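Below is one structure, written out as structure tokens; the observations come after it.
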Amino acid sequence: MRTVADRYKAICQKMAQAAAGAGRPLHAATLVGVVKGQAPEGILEAYHAGLRDFAHSYVREAVETQHLRELMPEARWHFIGPIQSNKTRHLQQGWYRVHSLDRLKIAKRLASAEVLVQVRLGGELSKSGVDPEQLLGFLEQLAGSTSVTVKGLMTIPPPADQFSPSVAFHRLAGLATDCMAKGLLPEGAELSMGMSNDFEAAVAAGAHWVRVGRSLFGDRLGH
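Numbering (my numbering), first residue to last: 193 to 415.
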């Protein structure tokens, strides 16, 4: 039976191969372990195997597992889930990146957090994210009326019957290029894209962060 450490090494190898195939540096992308519903033992195993970036999807789970931070002093913690207005105080400090910003009123409550703006590429109104045609205006609003530092963009690809994940990832990269050209994103803006089923395509398309849970830790508790 493969251990978390085994899976971590295998994912890193696949990421390096995907980067090399796209002409990128081998370590151009960074793996973020998504800990939603995972046992502390597996999370700690990944940390001791060398993983340093971890992500929560729920504020409540982050609060309930706060003790893990003390056991993982070199870890960088990311938040990748939907942001509820009444939970923003928990996201103002202590996070390396907040990946899922998509509303101005939330940004105003995040103080000086370093964030990525979530972009909704499939047009599904039930999904979170800023529509591509509204992205420039949203970034201008963030720059003019909030204290957050926007580091880049994040997306979750729409269903494959709309278009492939690879197409979605290249679209996000193109949007980032346009925003950088207009001075609304920093040079070398970060792209958070790719999960367990498509992280290699994301790396090839220019991902900085890939968010992997099941392929790294296995099934969540209770599943």
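The C-beta atom is built at its ideal place from N, Cα and C for all residues, glycine as well.
Just so we're clear, the structure is a prediction, and the values are computed from it rather than from any experiment.
Proximity of residue i and residue j at Cβ, strictly below 9 Å
i: Val226; j: Val395; result: no
i: Phe409; j: Lys206; result: no
i: Tyr239; j: Gly273; result: no
i: Ala399; j: Phe361; result: yes
i: Thr347; j: Gln310; result: yes
i: Glu253; j: Lys228; result: yes
i: Leu218; j: Tyr200; result: no
i: Ala335; j: Val342; result: yes
i: Ala381; j: Gly329; result: no
i: Ala397; j: Ala214; result: yes
Extent of the continuous beta strand (DSSP E) to which residue i belongs
i: Thr222; result: 222-226
i: Met346; result: 341-347
i: Ser292; result: 289-293
i: Gln181; result: Residue 181 lies beyond the residue range present for the chain, which begins at 193 and ends at 415; the question has no answer from this structure.
Of the listed residues the options, nearest to residue i (C-alpha basis)
i: Leu387; options: Ile235, Ser358, Leu296, Arg363; result: In the sequence as presented, Leu is not what sits at residue 387; that position holds Met. The residue with the shortest Cα to Cα distance from Met387 is Ser358.
i: Leu376; options: Lys279, Leu327, Gly229; result: Leu327
i: Ala208; options: Arg406, Arg412, Ala368, Val402; result: Val402
i: Asp198; options: Glu237, Thr280, Ala214, Lys279; result: Glu237
i: Leu313; options: Val307, Asp294, Gly242, Gln230; result: Asp294
i: Arg412; options: Gln333, Gln230, Thr341; result: Gln230
i: Ser320; options: Val340, Arg244, Pro349, Gly329; result: Pro349
i: Pro232; options: Arg363, Glu382, Pro217, Phe246; result: Phe246
i: Val340; options: Glu316, Leu308, Gly315, Pro324; result: Leu308
i: Arg406; options: Asp323, Thr222, Gly234, Leu296; result: Gly234
i: Ala393; options: Ala368, Asp370, Glu379, Arg363; result: Arg363
i: Glu325; options: Asp370, His291, Gly213, Ala211; result: Asp370
i: Leu383; options: Gly315, Ala221, Ala299; result: Ala221
i: His248; options: Ala210, Lys297, Ile275; result: Ile275
i: Pro378; options: Leu331, Ala397, Lys297; result: Leu331
i: Leu296; options: Ser277, Lys374, His282; result: Ser277
i: Ala241; options: Ala365, Ser292, Thr195; result: Thr195
i: Pro265; options: Arg281, Arg244, Leu283, His282; result: Arg244
i: Gln333; options: Gly366, Ala299, Gly315, Glu316; result: Ala299
i: His291; options: His282, Met385, Ile203; result: Met385
Any non-hydrogen atom of the ligand COA within 8 Å of residue i CB
i: Ala399; result: With respect to small molecules bound, the structure shown includes none, and the ligand COA cannot be examined in it.
Start-to-end residues for the alpha helix (DSSP H) that takes in residue i
i: Arg199; result: 196-213
i: Phe361; result: 357-373
i: Ile298; result: 296-301
i: Glu332; result: 327-337
Cβ contact check for the region 253-271 and the region 282-293: 3 or more pairs under 8 Å: Per the Cβ contact rule, the region 253-271 is in contact with the region 282-293 (3 or more Cβ pairs under 8 Å).
Contact between the region 302-313 and the region 256-267 (3+ Cβ pairs under 8 Å): No, the region 302-313 is not in contact with the region 256-267.
Alpha helix (DSSP H) runs contained entirely in the region 224-270, provided each spans 4 or more residues: Runs found: 232-241, 251-256, 259-263.
Within the region 380-409, ranges of the beta strand (DSSP E) (whole runs, at least 3 residues): Counting only runs of 3 or more, we get 382-384, 401-404.
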